[in-house]
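What follows is a set of notes on a single structure, which appears directly below.
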């Protein structure tokens, strides 16, 4: 990034640059290479599936386990399916997937762009007249923006499966009964809220990773610091944004 | 069209309150190799950044064919950028692209060649620097010298009339360094391009440069103008002489082993 473009509110300025870059060129004048978008999209989708699966199955299982222990006391074991379905679709799938992507993809964005800064690769782009936001940031943000909703849906499914395994083991619920109950509990409101969060989280994780990468100090330590900052800020931001969503949803009666 | 491609007038470079250089003025004509000399940290690379649009000067003008780069809008700057190529000190090859893609990107942005023509041109310039068979390689798979040559290929691909080379020989062995010098001279002869060279390599400076400027880090100003060979032979400025004569074989300290051998032979010869 050009040093003179770093304003006092540079995080806000950077966000504005990304939004302008996305909107002003949409999509015919986007200046990044299709290969870059495809590479990033593949990396944050197919290659992220194993870890997203493991984490979300376990989160669904943990929710079911905690719910079962308490609900069985009241003879309401079947409501474990409701608990898991609502908690996963409304909160946990989006949050947990965003945290995983912050640690995995957001960190990778920060490290890659910080290394490019150190190696003068970003300068080489700017000398050609290519803006780093247009050429490097936008494909990453768009990739995560597009992939996160898909990962969210997948995370919901794996979370429900995790809950189903525990419910079947602890409560002798048949998988069919569990899934029937889950489908009844799931509403478009819960799913829509979770989906909206996942899109916001995806864009935020990508922008945060790119921001810290492009503003990193130009040495090896700078790469490490940028990566750490990207992960920490992204995770905190996920929680803060989720709280804002909760307040707004409550105010709207959703 | 004027012979002077680049005209630098009264440039002042600062990082915040810290003065780096001031009063930097020079012109670079077509077909010349112009040296920017000076000790480490005197502001050579910062000067280069001002010339290529990465660092805005505190004062002064950078004129390309009479057009002031820093007074121009972004569209005009983009047109001016098409007029120069740049080899960065680290080569700065884009690590996610193959050599072919690295060389093709400037062609895509600054020429009207179609994809097949771009690929043909990229193979041609990679051939000039001896890397034709490495077109599909990624930068991480190349040695330091090969990266430098690939960076040079990328800089010259669009046939820009002005090339900036930031320490092209740094980190290369003497043979590779000599080969790169030959490549730079043949490039100048073949294309008629003007070349601005930032370097510490005295043999290169003396051998290939036609003109130059010497920046002093203590006074924050240029202290000499002229061809490195002329400055080497005629300059009486102490900073210039210290820089240009540091490689003088007669004044270079002998290696420890040679000193020991000389001392022991003197002892041996003494009694006889």
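Chains as they are written, first to last, in my numbering: chain V, 1 to 254; chain B, 1 to 272.
Quick reminder that beta carbons are idealized off the backbone N, C-alpha and C, glycines included.
Quick caveat, the model's predicted, so the values are computed rather than measured.
By alpha-carbon distance to residue 67 of chain B, the top candidate from B:8, B:34, B:39 is B:8.
Under the 7 Å criterion on CB atoms, residue 228 of chain B is classed as non-interfacial with respect to chain V. Taking a beta-carbon distance threshold of 7 Å, residue 86 of chain B counts as an interface residue toward chain V. Of the other Cβ atoms in all chains shown, 16 or more fall within 10 Å of the Cβ of residue 112 of chain V; this residue is therefore buried. Rounded to the nearest whole angstrom, the CA to CA distance from residue 83 of chain B to residue 222 of chain V is 33 Å. V:80 is the residue among V:107, V:80, V:236 whose C-alpha sits nearest the C-alpha of residue 185 of chain V. Remark: three or more beta-carbon pairs, one from each stretch, lie closer than 8 Å, so the region 192-209 of chain V and the region 79-94 of chain V are flagged as touching. Pairing residue 116 of chain B with residue 38 of chain V, the inter-Cα distance amounts to about 23 Å. About 6 Å separates the beta carbon of residue 5 of chain B from that of residue 65 of chain B, a gap short enough to meet the 8 Å contact definition. Nearest neighbour of residue 174 of chain B by Cα position, chosen from B:114, B:197, B:202, turns out to be B:202. Among the CB atoms of chain V, one or more fall inside 7 Å of the CB of residue 78 of chain B.
Straight-line spacing of the CA atoms in residue 55 of chain V and residue 22 of chain V works out to 32 Å. Against chain B, the CB of residue 120 of chain V has a partner CB under 7 Å away; the residue lies at that interface.
The C-beta distance from residue 51 of chain V to residue 19 of chain V rounds to 29 Å, too long to fall under 8 Å, and the pair is not in contact. Taking 8 Å as the cut-off between beta carbons, the residues of the region 16-37 of chain V near chain B are 36, in sequence order. Membership of residue 25 of chain B in the beta strand (DSSP E) is indicated by the continuous run 18-29. If you draw a straight line from the Cα of residue 92 of chain B to the Cα of residue 164 of chain V, it comes to about 52 Å. As a beta-bridge residue in DSSP terms, residue 212 of chain B pairs with B:35.
Contact annotation: in the region 101-118 of chain B, residues whose CB is within less than 8 Å of a CB in chain V are 105, 106, 109, 110. Here DSSP, grouped into helix, strand and coil, assigns residue 128 of chain V to coil. Put simply, the backbone Cα of residue 210 of chain B is about 24 Å away from that of residue 158 of chain B.
Contacts with chain B at 7 Å (Cβ-Cβ) include residue 127 of chain V.
For residue 124 of chain V, a Cβ of chain B is located within less than 7 Å of the residue's own Cβ. Residue contact with chain V for residue 58 of chain B: absent (no Cβ-Cβ distance below 7 Å to any residue of chain V). Taking a C-beta distance under 7 Å as the contact criterion, residue 195 of chain B and residue 163 of chain B qualify as a contact pair. The beta-carbon distance between residue 110 of chain V and residue 227 of chain V, rounded to whole angstroms, is 5 Å. This is short enough to meet the 8 Å contact definition. Note that the C-beta distance between residue 88 of chain B and residue 166 of chain B is below 7 Å.
Taking the CA atoms as reference points, residue 133 of chain B sits about 21 Å from residue 186 of chain B.
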